[in-house]
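Just so we're aligned, residue 1048 is where the sequence shown starts under our numbering, counting upward by one.
What follows is a single structure, written as structure tokens, with notes after it.
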Amino acid sequence: MVVAGSGLTGIESAAEIAERHPRPSVVLLGRAEPGAAMNPQATSYLRAALDRLGVQVRAGVEVVKVLPDAVELAGGENIVADAILWTSGTRVSPPAAAAGLAVDERGRIVTDAALRSVSHPEVYAIGDAAAIRQGYGIMHGTCQGGMPTGVHAALSIDRVLRGKQPKPFRFGYYHTPVSLGRGDAVVQFTRPDDSPRRICPTGRTAVRYKETVTASPWPTYGRMKKVPASGAFWPRGGRFTRVRGDE
Ligand SMILES: Cc1cc2nc3c(=O)[nH]c(=O)nc-3n(C[C@H](O)[C@H](O)[C@H](O)COP(=O)(O)OP(=O)(O)OC[C@H]3O[C@@H](n4cnc5c(N)ncnc54)[C@H](O)[C@@H]3O)c2cc1C
């Protein structure tokens, strides 16, 4: 089995498949070394876990063609596969672009600082469907950032209905939890701009952390129903997201 794309979706998928189905060999292909954005300790832990699970990693390669029974790499090499899992990135479903909203190259709605479409300010965009600029660049899709965008948009609409201006949205990342099969994981704690900190728990501690995070949207939703104000607490990124003129 070929997993094409060595980002987090490719890593987690390759590990899960290799653990569940040890018989077929799993080959993970990608431009970058798996976990390249993490600190060296986390990267080597992740690589050792993939090795232990029997995942063959080929980094620094470019897939140029998907064939019925293989993938072709730049340079002409074919890697034979019974199944190919394509994990090279996400795109937004077409209706936003088709409706004439300004979108970026992935179809994400380009927003202003208050999460309003730059072309249609009456439209708010949130989650993976929005291209939201922060001090460190455009936010990438995560539920740690997606949930605050939803809350912020709701609060903004409420403010506008009460005749006030919406506030700028600010968000800083805090972690990248990566599962490595059911029994192993690595959690990379990050600075608000998503660069790695030194702390990176591994093993059972990381598994418990990751499972708690993955299960958190429902409890978060339940807590917000009981205590709506709790929805407004998320890391705002401090100096990493502060721009001149912010409140
Ligand atoms: C394998 C994987 C692992 C991940 N792990 C993590 C993690 O550990 N931590 C983390 O923070 N983030 C993680 N993420 C990212 C996280 O899942 C997303 O950022 C988050 O789900 C985005 O939420 P969303 O509501 O914007 O979009 P989605 O959750 O993608 O929801 C969009 C919904 O819109 C529906 N839809 C699309 N088009 C249409 C249409 N035309 N009409 C009607 N409905 C439509 C879709 O079916 C879907 O239900 C992971 C993502 C992947 C793929």
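Every residue, glycine too, gets a C-beta built ideally from N, C-alpha and C.
This structure is a prediction, so every number in the text was calculated from the model and none was measured.
- Which two residues bound the contiguous beta strand (DSSP E) that contains Gly-1154? Neither: Gly-1154 is in no beta strand (DSSP E) and is coded neither H nor E.
Closest residue to Pro-1141 among Thr-1259, Gly-1188, Val-1150 and Thr-1134 (Cα-Cα distance): When each option's Cα is compared against that of Pro-1141, the closest is Val-1150.
#### Entry: Backbone CA spacing between Ala-1163 and Ile-1156 [nearest angstrom]
As written in the sequence, residue 1163 is Arg, which differs from the Ala given in the question. Straight-line Cα distance between these residues: approximately 9 Å.
Beta-carbon within less than 8 Å of Arg-1238's beta-carbon, same chain only, minus the 5 sequence neighbours each way: which residues are those?
Gly-1219, Tyr-1220, Arg-1244 and Phe-1287
Given this structure, state the Cα-to-Cα distance separating Gly-1154 from Leu-1148, to the nearest angstrom.
10 Å
Please identify the residue among Gly-1228, Ser-1242 and Arg-1270 whose C-alpha is closest to the C-alpha of Arg-1251.
Gly-1228
- Item | Glu-1294 - DSSP class collapsed to helix/strand/coil | Since pLDDT at Glu-1294 reaches only 45, below the 50 mark, its modelled position is unreliable, and no value is offered.
| field | Span separating the alpha-carbon of Lys-1273 from that of Pro-1264 | value | 14 Å
Answer yes or no: the CB of Ser-1053 versus the heavy atoms of ligand 1, is any distance below 7 Å? no
- prompt: I think Val-1113 touches Ile-1126, with their Cβ atoms under 8 Å apart; what is that distance to the nearest whole Å?
  reply: Their Cβ separation, rounded to whole angstroms, is 11 Å, which puts Val-1113 and Ile-1126 out of contact at 8 Å.
Item checked: Reference Glu-1119, options Ala-1144, His-1199, Val-1050 and Ala-1095, closest by Cα -> Val-1050
task = Would you check whether ligand 1 has a heavy atom nearer than 7 Å to the C-beta of Thr-1261?
result = yes
task: Hey, could you find the ends of the beta strand (DSSP E) Ala-1051 is sitting in?
output: Bounds of the beta strand (DSSP E) holding Ala-1051 are 1049-1051.
- First and last residue of the beta strand (DSSP E) that includes Gln-1235? 1232-1236
**Prompt:** Based on the DSSP secondary-structure assignment, which residues constitute the bridge partners of Glu-1119?
**Reply:** Lys-1112 and Asn-1125
Between the alpha carbons of Gly-1184 and Arg-1070, how many angstroms are there, rounded? Near 42 Å, if we compare the C-alpha coordinates of Arg-1070 and Gly-1184.
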